[in-house]
Structures are given as structure tokens and as C-alpha cells.
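The structure appears below as C-alpha cells.
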Amino acid sequence: MRLFKNKFYRPILILPFFLSLFGLFFIFEASSIYSFTLYGDSFYFLRLQLIWLGLSLAVMIFFALFDYHRLYYFAFLIMLTSIIFLILVLIPGFGHQVKGARRWLDLGFLNIQPTELAKFSVIIYLSAWFAHKERRRFFSFLILLSVLIFLIILQPDMGTALTIFLLSIFIYFLSDNKLLPLLLSLPFFPIIFYLLIKMAPYRFARLKTFLNPSADPLGIGYHINQIFISLTNGGLFGVGLGASRQKYMYLPEAHTDSIFAIIAEDFGFIGGVILICAYLFFIYKIYHLLLNAPDKFSRLLVGGVFLLFN
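Residue 151 in our numbering is what sits at position 22 of the sequence shown, and the numbering runs on without skipping anything.
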């Protein structure tokens, strides 16, 4: 709560609230047609998001009143729980398969994505670990990182695996560890990247599509081409609030991965830039908080969150 008393840092608490309300409207707009077609209920995904927003607000209030230094003592338990969840999601009956990937864990009353917990677990655990000099062993760090990435790749979820990798390396670098072991391991990264592509050729196909979307516009390039159509429709000032045409089942994942395309179609290039600037302003405030962190554990925690938002 001390953060709110400082006017400079108030946007860290206020801006996410307004962005969340803004996001709720666009989740409804982008999902209403798809939701009605799938479930006969235009508000299905909006209600789900309202539940998650309510839970998020509860968590935010809790940590606003909670002494974050106590996370140090729970770091191992948080990481252990995260690893158990990452294992459970791979087991049929526990893990819920969607579009060929096991990324959701069915708890009966709620479905959770263990990889999202893993991101914060890595930040908390490595911040606690690297806060002490005697724990700065590169080999132990490498083993932990390898286990996490291996479990996530098995789902498969290369995007989150890369995020976990970058988070870990950034926190390692931020903790003033020796860079020599990290530099010596750099030649292995291209080899690992090559092996991952060989294991799943679709990853290379996606990379080629990203570089040349017009090569297969009705196949693997369909999604990215529909995003371009949304952005083109929006032009400079947009087609108007709620007037997106791509939400009518043309744009895949319109309410999740592609929601920015719907926003840019409604508000145009200008609206898209304003939204990005709002996020950049929020990230700048977190960066300033990082520079003024009172101790090493705090600095590593804020540094991890800073990179996560980037």
C-alpha cells in the first residue's frame, strides 16, 4: 500500500485497472459471435474473463497488504508446486488437451494453465536463490532451467519455454553472477534450436510463414493474413467502436492471441499506438521501481516482472 502513497508509482496500480476494463469490452466484442456459435451464449467468454479479473483483483489486494519479503520463505514450495502441476498436466485425465497441446489442468471447479504459474514461480524462486552468494552455482541453475523447459516443451509450448528461458537468464544476469559460464554455453543454443525444429517440423513451417505470409494464404498462413486484413481495414483512425468485420469468424483466436488486431481495426493505427504507449508507460514505471528497489531480493523480483511485461 506504500506504493499507492507515492504519486509517481500510482499508475502501476491504476493503469492495469483501466486496461482491464478496456480489455473486457474487446473480449466481449471479439468473442460474442464465436461464443454464440459455439455455446449459444454471446457472454460466455466475457463471464469467464470476469471471473479471472475478480480473482486477479483479490490476488492484487492480498499482495498489496502482504509483506513480499515473506515470499523468500515460500519460494521453494511455490517452485515445487509449479513443477508438480507441469507434470500433472502431461498425464491423461489430469491434463486437458486443446488443439493437440496439453496446457490446461482440470481441477474440477476450475481449469488452470500451469505454465502461467511457472513464470511467476521462476521469478520468485530465482530471486530468492540468487539473493545469496553461496547459491550462485551455474550448474544447479542450469539443471533447474532445463527441467522446467523440458516439461513445458513436452506440452508442447515453445513460446512459454522461451519466456521461461529469457526470464531465467535475465534474473541470472541481474543478480551480478559471473557471465563466463553463460558465455561458454552460448554455442549450444543454436544446436538446441536446430534439434527442436527437427523434432517438430511445424515450427520451421511457422517461421517460414512469418517471413513470407503470402506463400500459403489459405493454409498455414491464413491466420497471419487475416491479422493483416484487420490492420488494413482499420487504417489510420479505425472503422469505429464495435464495427470490426473480422470478428465474424474470419480471424482465428480473435478474443485471445489476435485481440490486438480487433482493437486496431476498431481504432486504427492511432488507437493501436495509444494502447502500446499506455503499456510502455506502465513498463517504464516498473523499470523505475526496479532502479529504486531497496534490496537485492526486491530488485530481482521487480526485474523478473519487468521482463515478463516486455
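We put the beta carbon where it would ideally sit given N, CA and C, even for glycine.
Review point. Using the C-alpha atoms, what's the distance from S373 back to N240?
Key: The residue you call residue 240 lines up with position 111 of the sequence shown. The residue you call residue 373 lines up with position 244 of the sequence shown. The straight-line gap from Cα to Cα measures roughly 30 Å.
**Study point:** Close-in-space but distant-in-sequence residues of the same chain around R335 (CB under 8 Å, 5 per side omitted)
**Key:** Counted from its first residue, the sequence shown places residue 335 at position 206. Closer than 8 Å at Cβ, skipping near neighbours: I349.
Review point. Between G400 and A393, what straight-line distance do the alpha-carbon atoms span, to the nearest angstrom?
Key: Here the question's residue 400 lines up with position 271 in the sequence shown. Here the question's residue 393 lines up with position 264 in the sequence shown. About 6 Å.
Practice item. Using the Cα positions of F302 and L296, report the straight-line distance between them to the nearest angstrom. Key: As a working note, residue 302 is residue 173 in the sequence shown. As a working note, residue 296 is residue 167 in the sequence shown. Going from the Cα of F302 to the Cα of L296 covers about 10 Å.
Exercise for review: Select from T166, F322, L167, I405 the residue whose C-alpha is nearest the C-alpha of N439.
Suggested key: Taking the first residue of the sequence shown as position 1, residue 439 is located at position 310. For the residues T166, F322, L167, I405, the minimum Cα distance to N439 belongs to I405.
Exercise for review: Please state whether DSSP places N240 in a helix, a strand or coil.
Suggested key: Within the sequence shown, residue 240 is the residue found at index 111, counting from 1. N240: strand per DSSP, three-state reduction.
**Study point:** Paired residues, beta bridge with P145 - DSSP
**Key:** Counting from 1 along the sequence shown, the entry for residue 145 is found at position 16. According to DSSP, P145 bridges with nothing at all.
Exercise for review: Could you tell me the boundaries of the alpha helix (DSSP H) in which D395 lies?
Suggested key: Residue mapping note: residue 395 aligns to position 266 of the sequence shown, counting from 1. Looking at the DSSP string, the run of the alpha helix (DSSP H) that includes D395 is 388-420.
Practice item. Flag this pair as yes or no: are the beta carbons of A247 and L217 separated by less than 9 Å? Key: Here residue 247 refers to the residue found at position 118 of the sequence shown. Here residue 217 refers to the residue found at position 88 of the sequence shown. In this structure, L217 does not lie closer than 9 Å to A247 by Cβ.
Point to revise | Continuous alpha helix (DSSP H) stretch holding L295: start and end | key: Working through the sequence shown from its first residue, we reach residue 295 at position 166. Element bounds for L295: 287-303.
Point to revise | Endpoints, the alpha helix (DSSP H) within which F270 is located | key: Taking the first residue of the sequence shown as position 1, residue 270 is located at position 141. Unbroken alpha helix (DSSP H) run through F270: 267-282.
Review point. Can you give the beta carbon distance from S160 to H384, rounded, assuming they're within the 8 Å contact cut?
Key: Along the sequence shown, read from residue 1 onward, the residue named residue 160 stands at position 31. Along the sequence shown, read from residue 1 onward, the residue named residue 384 stands at position 255. Right, their Cβ atoms sit about 4 Å apart.
Review point. Taking the C-alpha atoms as reference points, what is the distance between S211 and I356?
Key: As a first step, residue 211 must be located in the sequence shown, where it is residue number 82. As a first step, residue 356 must be located in the sequence shown, where it is residue number 227. Looking at the two C-alpha atoms, the distance is approximately 34 Å.
Check your understanding: Considering H352, what are the terminal residues of the alpha helix (DSSP H) in which it resides?
Key -> Within the sequence shown, the letter at position 223 stands for residue 352. Unbroken alpha helix (DSSP H) run through H352: 351-363.
Check your understanding: Can you tell me where the alpha helix (DSSP H) with I207 in it begins and where it stops?
Key -> Taking the sequence shown and counting its residues from 1, one reaches residue 207 at position 78. Note, I207: alpha helix (DSSP H), 200-217.
Review point. What residues are listed by DSSP as bridge partners for D196?
Key: The residue given as residue 196 occupies position 67 in the sequence shown. Paired residues: none, contrary to the question.
Practice item. Evaluate contact between the stretch 351-368 and the stretch 139-149, counting only Cβ atoms and requiring at least three cross-stretch pairs below 8 Å. Key: no
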